[in-house]
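So for the sequence shown, full-length UniProt numbering puts the first residue at 1; every next one is plus one. Glycine included, every Cβ here is placed at the ideal spot set by N, Cα and C. Quick caveat: nothing in here was measured; it's all calculated off a predicted structure.
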Amino acid sequence: MTDAGADEGGGAEADPESDADTVLIAGTASHVGKSTLAAGLCRLLARRGVSVAPYKAQNMSNNARVALAPDGEWGEVGVSQHVQARAAETVPTTDVNPVLLKPRGGGESQVIVDGEAVANAPASTYYDDHWATARDAAVAAHERLAADHDVIVAEGAGSIAEINLHDRDLANVECARFADAAILIAVDIERGGAFASLYGTLELLPDDLRERVCGAVITKFRGDPALLEPGIDEIEARTGVPVVGVVPHDDPGLPAEDSLSLPDAATAEDGSGGGGTGSGGVLGTDDGVPDDEAVRVGVPRLPRISNFTDLEPLAREPGVRVAYLPLDAALDGVDAVVLPGSKNTVDDLLALREAGFDGALRAFDAPVVGVCGGYQLLGERLLDAAVEGVGDREAVPGVGLLPVETRFSTEKRVERVTRAVDGVGPIAGAEGRATGYEIRAGRTRVLDDGERDAAATLLATEPLGAEGVATDRVLGTYLHGLFETAAVRDAFVETVFASAGRTRPDATTADRSPYERAADLVADHVDLAAAGLDELLGSAE
Numbered sequence: 001m002t003d004a005g006a007d008e009g010g011g012a013e014a015d016p017e018s019d020a021d022t023v024l025i026a027g028t029a030s031h032v033g034k035s036t037l038a039a040g041l042c043r044l045l046a047r048r049g050v051s052v053a054p055y056k057a058q059n060m061s062n063n064a065r066v067a068l069a070p071d072g073e074w075g076e077v078g079v080s081q082h083v084q085a086r087a088a089e090t091v092p093t094t095d096v097n098p099v100l101l102k103p104r105g106g107g108e109s110q111v112i113v114d115g116e117a118v119a120n121a122p123a124s125t126y127y128d129d130h131w132a133t134a135r136d137a138a139v140a141a142h143e144r145l146a147a148d149h150d151v152i153v154a155e156g157a158g159s160i161a162e163i164n165l166h167d168r169d170l171a172n173v174e175c176a177r178f179a180d181a182a183i184l185i186a187v188d189i190e191r192g193g194a195f196a197s198l199y200g201t202l203e204l205l206p207d208d209l210r211e212r213v214c215g216a217v218i219t220k221f222r223g224d225p226a227l228l229e230p231g232i233d234e235i236e237a238r239t240g241v242p243v244v245g246v247v248p249h250d251d252p253g254l255p256a257e258d259s260l261s262l263p264d265a266a267t268a269e270d271g272s273g274g275g276g277t278g279s280g281g282v283l284g285t286d287d288g289v290p291d292d293e294a295v296r297v298g299v300p301r302l303p304r305i306s307n308f309t310d311l312e313p314l315a316r317e318p319g320v321r322v323a324y325l326p327l328d329a330a331l332d333g334v335d336a337v338v339l340p341g342s343k344n345t346v347d348d349l350l351a352l353r354e355a356g357f358d359g360a361l362r363a364f365d366a367p368v369v370g371v372c373g374g375y376q377l378l379g380e381r382l383l384d385a386a387v388e389g390v391g392d393r394e395a396v397p398g399v400g401l402l403p404v405e406t407r408f409s410t411e412k413r414v415e416r417v418t419r420a421v422d423g424v425g426p427i428a429g430a431e432g433r434a435t436g437y438e439i440r441a442g443r444t445r446v447l448d449d450g451e452r453d454a455a456a457t458l459l460a461t462e463p464l465g466a467e468g469v470a471t472d473r474v475l476g477t478y479l480h481g482l483f484e485t486a487a488v489r490d491a492f493v494e495t496v497f498a499s500a501g502r503t504r505p506d507a508t509t510a511d512r513s514p515y516e517r518a519a520d521l522v523a524d525h526v527d528l529a530a531a532g533l534d535e536l537l538g539s540a541e
């Protein structure tokens, strides 16, 4: 790596005590394959015996996971870094993503530093009041990771060439400087204009970052790579930066980070666009099961949807289609509904009601599951709604499928949990324990008989741990990740097929893990030696 001292932007020097190498996977834009390359490189290094950790100085995502913070408490990190830590075969801590911004709507984000929510702020206030603290936390987190590992695979955010942000770009510019990182740039050819994007990105980089660029990787390519050779020769001649890989269009099945990865709203209603577990209007269509033998799980596309990765294990089940539905969509042809998490439950409830989805859901006679915010929506009422930022409203009626009420507070629960499973209702037959996590502001209680409006009879309270409830067809739970537990997922899928009157197809031979598939993409299609990164593979020696 380069020997960086104080840089032209005033950043801190790299830690002279650290022997760890850092590689920054940057991009020409958002959603160009940075997360897949980072996860793949983490697993490739791990399976070759290298001590490696992922890192993203600043992330913006409403898909979060729970990890240990420096103070020993539980905190939040972006889903991609949690996934990359698993790929790296290391325990995820909040150091892998020390700064997380969770959009709340209205141009405002919740600011999470070292796993803990510290403020709700619009962009201008964040940069004025919190950015310096966030940068200090990011530097300290990187130093702790560098002290414990040989290699750090850092992921940038969006484009590294946002010149309006170069003086405060924590995930890209600042990270490259304080981490003394070599930079590998990902460019998505599926969008078109890949060579122009790469050339423009390199031209707009600060001089000190331009010197750190060790190569570029073209991602999501369909066809014969030989067709790219004239363009690659020309871009290398113009820039002096080697194109060290052409990665084919292949979704390894890693959890998605943000709403850009959701099926397009225009195609979600009719399922057009094809695609596998990560593209098109409906997820899970590439399993070889005819559509007339499959079941369809509808997921309302909430305006402030969060943690929608809870649905991805279902989409990988043979014969299960997961369809993200516009809020005004009919539920005809839907065999079950899962309401996902929400960054603002009250606003999403009002949006559901305005579109008429709550009425359609009350008339729906098939399995329904609500997770976290989705669980809160299914109750009879939401109290202290002003905490969620909805004016001075104290109470908002819920959908009314579960006899519970939720009271919001400013106190946030963030914890990784393991719960005993009481297999009833939509998960009838499930046994054992389920491991997941809770990230919520609000406490839900079961209403006494005299307080209830809902006629549904509860079969269980705490079917998946504290504050969850179930009827014969509706389940509400705070447990994110519940479908990652095989027993719960299997029971739910069995229930949906039985409710739809269809025979569940035999399970196919399981694919290799998404981490191994991502590693194979890097190993087979990225020439680390051409990027001067072959020494990373010798870090275990």
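key: Pair within 8 Å by beta-carbon distance, His480 and Gly341   = In this structure, Gly341 lies closer than 8 Å to His480 by Cβ.
Segment limits, alpha helix (DSSP H) that includes Glu203 = It spans Ala194 to Leu204 - the alpha helix (DSSP H) in which Glu203 sits, taken as one unbroken run.
message = For Phe221, list the residues DSSP reports as bridge partners.
response = Note: Phe221 sits in a beta bridge opposite Pro248.
ask   = For Asn307, does the count of other Cβ atoms within 10 angstroms reach 16, so buried, or fall short, so exposed?
value = It counts as buried.
query = Taking all protein chains shown into account, do 16 or more other C-beta atoms lie within 10 angstroms of the C-beta of Gly106, making it buried, or fewer, making it exposed?
reply = A residue is called buried when at least 16 other Cβ atoms come within 10 angstroms of its Cβ; Gly106 does not meet this threshold and is exposed.
message = My assumption, with CB atoms under 8 Å, is that Val396 sits in contact with Leu382. Please give the rounded CB distance.
response = With a Cβ gap of about 5 Å, Val396 and Leu382 count as contacting.
query = Are there 16 or more other CB atoms within 10 angstroms of the CB of Ala226, so buried, or fewer, so exposed?
reply = Burial state of Ala226 is exposed, judged by a 10 Å Cβ sphere holding fewer than 16 other Cβ atoms.
inquiry  = Taking 8 Å as the cut-off, does the region 84 to 95 touch the region 35 to 50 (at least 3 CB pairs, one atom from each stretch)?
reply    = Yes: the two stretches touch, three or more of their Cβ pairs being nearer than 8 Å.
Expected contact under 8 Å - CB spacing of Asp348 and Leu302 to nearest Å = The Cβ separation is near 4 Å, so the contact holds.
query = When we look at the beta-carbon of Gly192 and count the other beta-carbons within 10 Å, is it buried (16 or more) or exposed?
reply = Gly192 is exposed by the Cβ-count criterion.
task = Check the C-beta distance from Arg321 over to Val297 and give it rounded, since I have them as a contact under 8 Å.
result = The pair is a contact, with the Cβ atoms about 7 Å apart (cut-off 8 Å).
task = Could you check the C-alpha separation between Thr532 and Ile25 for me, to the nearest Å?
result = Here residue 532 is Gly; the residue named in the question, Thr, does not match the sequence. Annotation: Gly532 to Ile25 spans about 14 Å, alpha carbon to alpha carbon.
ask   = From Thr94 to Ala530, what does the alpha carbon distance come to, in whole angstroms?
value = Roughly 33 Å between the two C-alpha positions.
query = Would you call the region 429 to 442 and the region 485 to 499 in contact, with 3 or more CB pairs under 8 Å?
reply = Contact between the region 429 to 442 and the region 485 to 499 is present, because at least three Cβ pairs lie under 8 Å.
key: Extent of the continuous beta strand (DSSP E) run through Arg135   = Counting along the chain, Arg135 falls outside any beta strand (DSSP E), though it belongs to the alpha helix (DSSP H) covering Trp131 to Asp148.
inquiry  = Taking 7 Å as the limit between beta carbons, can you name the residues of its chain near Val522, skipping five residues before and five after?
reply    = Leu37, Gly40, Leu41 and Leu44.
ask   = According to DSSP, which residues form a beta bridge with Asn120?
value = Note: Asn120 sits in a beta bridge opposite Gln110.
task = Could you name each continuous alpha helix (DSSP H) segment of 4 residues or more that falls completely within the region 49 to 103, going from the start of the chain to the end?
result = Runs found: 79 to 87.
request  = Specify whether the region 65 to 74 and the region 168 to 182 touch according to this definition: at least 3 beta carbon pairs, one from each stretch, less than 8 Å apart.
outcome  = The region 65 to 74 makes no contact with the region 168 to 182, as fewer than three CB pairs between them are under 8 Å.
ask   = Using the C-alpha atoms, what's the distance from Thr239 back to Arg210?
value = Computed Cα separation, rounded: 10 Å.
message = Between the alpha carbons of Arg416 and Leu447, how many angstroms are there, rounded?
response = C-alpha separation (whole angstroms): 27 Å.
inquiry  = For a test of the three-state rule: what should DSSP assign to Ser342, helix, strand or coil?
reply    = Secondary structure at Ser342: strand, using DSSP grouped into helix, strand and coil.
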